[in-house]
Amino acid sequence: MLQSVRGTYDIIGEEFQKFHYVNDLFEHFMKLYGYEMIKTPVIEDTAVFKKDNDTSDVVTKEMFTFSINGKDSLTLRPEGTAGVIRAFIQHKLYARELPVKLAYIEEMFRYERPQKGRQRQFNQLGIEVLGDKSPLIDAEVIALGYSFLKTLGIEDMEVHINTLGDSTSRLRYLEALKEYFRPHIDELCADCKDRLEKNPLRILDCKIDHDKDVIKRAPSIYDHLEDEAKSYFKQVLSYLDALEIPYVIDEHMVRGLDYYTDTVFEVVSTDKDAGSQSTIFGGGRYDSLIEEMGGPKMSGIGFAIGEERLISAMESAGLFDDLSITPDVYVIDLTSQDSFALEVAEMLRHNGYATELNYYKRSLKSQFKSADRKKTRFIIIIGEDEVKERKVSLKDKKEETQEMVKIEDLIAKLDVLMEGDRDE
Ligand code: HAM
């Protein structure tokens, strides 16, 4: 049997409704905070994600990269930031009033080992604020993500925050880490041995080594920060305090992608079912990425929420009501398939009533059963006589009434019955 590709999955019916519900609220939040939506292509030139010296885990080993006719190297986007910046530069969006605030809801692709909360195709809700740098923006970006999750009803979460310093502080810190880890190389896992010269920051949040003393005793970024970077971080924290957003300073949080400078943050689910993939969203500031990708020297900041992880946190907190689709009306057709039932169904839909129609010649009993299964409030029964007289028999299961209604009076009748419902 044909199967979906490993690490990918189908989103069907009620599951789809959950995504829809979350996406709707996200778009609403984007209006509240003044973001424009953007949709970039799924495929990009590989160069968008991978510079020659790039060492981050995402771009070194987790991409779906392929070439067509042995020529172009193309990649399915593993994350949203680089594509948005490519578009920002290509369309000279930097000439607009700054900062430019963009948001996306898109599928991402990473070639990693599938497990709970980790797929090869997954969805992200992301934002990027491009072209300006201020601790106010950093705090607002974190506040946006935090209150979005709060509004969805998530309570069991923690904001983890750290700074990697500006580019100068960061470089100094990288050197200090290399010097510190070199004599301890034998104590590190195979991946970390590899990271030591390429990206020693990633050793600090290694899933395998993180509990080892050698990591715990590693030099702290705070001893290597320039004064400016220190006061920038303090300002961000003071704004979070003012907004009463609780946070934990996590010295060892460095984030998986290479481009971050200054503020980095993650929101972690503290729900015990979340397991090892508990990070609902992550993001941070990037001071050099726009310039490195060929744009002007400008800073940016953003985050991306893993939508599957968010939805699973919402599921375990019992936050989804019954999302199954319940039609308002079920049309039972007992004629020999006259077009009248179809006309009635179309009229109902055009007037805002979600309507199901029986498509097969089936007994009254079995059609009633279908209507019951769909939990519709109204049932319309059409027989040969009704067609002749252009009437329908309307049954209201809630009020337990049944009456004949002329087709031209049907919508008004339903409106009255529904109105009574709304008044309750
Ligand atoms: P990221 O930390 O790589 O950041 O991913 C953000 C979120 O996407 C993660 O916290 C997680 O919830 C979700 N995620 C990542 N990989 C998977 C996967 N394989 N399966 C399911 N969910 C996953 C970024 O992508 C950055 N572009 C965020 C950002 C925007 N930074 C600045 N601007």
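The opening position of the sequence shown corresponds to residue 3 in our numbering, with each subsequent residue numbered one higher. We put the CB at the ideal spot given by N, CA and C, even for glycine.
Just to confirm the assignment, what range does the alpha helix (DSSP H) spanning residue i have?
i, result
"residue 287", "No alpha helix (DSSP H) contains residue 287, which is instead part of the beta strand (DSSP E) from 281–288."
"residue 327", "No alpha helix (DSSP H) holds residue 327; DSSP gives it neither H nor E."
"residue 299", "Element bounds for residue 299: n/a, residue is neither H nor E."
"residue 374", "366–376"
"residue 224", "Premise fails: residue 224 is in no alpha helix (DSSP H) and is neither H nor E."
"residue 141", "137–154"
"residue 216", "215–218"
"residue 194", "192–200"
"residue 349", "342–352"
Take residue i as the anchor and find which of the options has the nearest alpha-carbon.
i, options, result
"residue 420", "379, 405, 117, 7", "379"
"residue 328", "269, 75, 19, 221", "19"
"residue 292", "84, 65, 36", "84"
"residue 1", "201, 131, 164, 389", "The requested residue 1 is not part of the displayed model; the chain covers only 3 to 426."
"residue 398", "417, 390, 338, 389", "417"
"residue 29", "370, 168, 150, 215", "150"
"residue 266", "300, 244, 299, 223", "223"
"residue 97", "326, 298, 213", "298"
"residue 138", "193, 280, 287", "287"
"residue 412", "349, 271, 166", "349"
"residue 86", "104, 249, 228", "104"
"residue 23", "316, 400, 101", "316"
"residue 92", "359, 353, 226, 46", "46"
"residue 194", "341, 216, 387", "216"
"residue 9", "118, 21, 26", "118"
"residue 177", "352, 158, 220, 302", "220"
"residue 190", "302, 209, 172", "209"
"residue 1", "160, 169, 95", "Because the chain is modelled from 3 through 426, residue 1 falls outside the range shown and cannot be assessed."
"residue 391", "211, 68, 342", "342"
"residue 335", "382, 303, 75", "382"
"residue 12", "271, 69, 99, 122", "122"
"residue 311", "358, 401, 258, 269", "269"
"residue 361", "377, 351, 367, 344", "344"
"residue 356", "410, 347, 364", "347"
Taking residue i and residue j to be in contact with their CB atoms under 8 angstroms, please state how far apart those CB atoms are, rounded to whole angstroms.
i, j, result
"residue 294", "residue 53", "7 angstroms"
"residue 48", "residue 77", "4 angstroms"
"residue 273", "residue 319", "7 angstroms"
"residue 120", "residue 279", "5 angstroms"
"residue 89", "residue 40", "7 angstroms"
"residue 284", "residue 131", "Not a contact, Cβ separation roughly 16 angstroms."
"residue 415", "residue 396", "7 angstroms"
"residue 230", "residue 168", "7 angstroms"
"residue 256", "residue 203", "4 angstroms"
Have a look at the DSSP bridge pairing and note the partners of residue i.
i, result
"residue 271", "159"
"residue 121", "Answer by DSSP bridge pairing: none, since residue 121 is not bridged."
"residue 106", "128"
"residue 164", "266"
"residue 39", "105"
"residue 75", "69"
"residue 335", "384"
"residue 306", "128, 284"
"residue 111", "123"
Could you give the first and the last residue of the continuous beta strand (DSSP E) run that contains residue i?
i, result
"residue 47", "45–47"
"residue 395", "393–398"
"residue 246", "Neither: residue 246 is in no beta strand (DSSP E) and is coded neither H nor E."
"residue 406", "403–408"
"residue 358", "357–359"
If you pair each beta-carbon of the stretch 107–115 with each one of the stretch 151–162, do three or more pairs fall below 8 angstroms? No, the stretch 107–115 is not in contact with the stretch 151–162.
Do three or more CB pairs link the stretch 124–131 to the stretch 298–310 at distances below 8 angstroms? The stretch 124–131 is in contact with the stretch 298–310.
Do the stretch 236–250 and the stretch 178–191 touch if we need at least three Cβ pairs shorter than 8 angstroms? Below 8 angstroms, too few C-beta pairs join the stretch 236–250 and the stretch 178–191 to call them touching: fewer than three.
At least three beta-carbon pairs within less than 8 angstroms, the stretch 66–84 to the stretch 134–146: Short answer: they don't touch.
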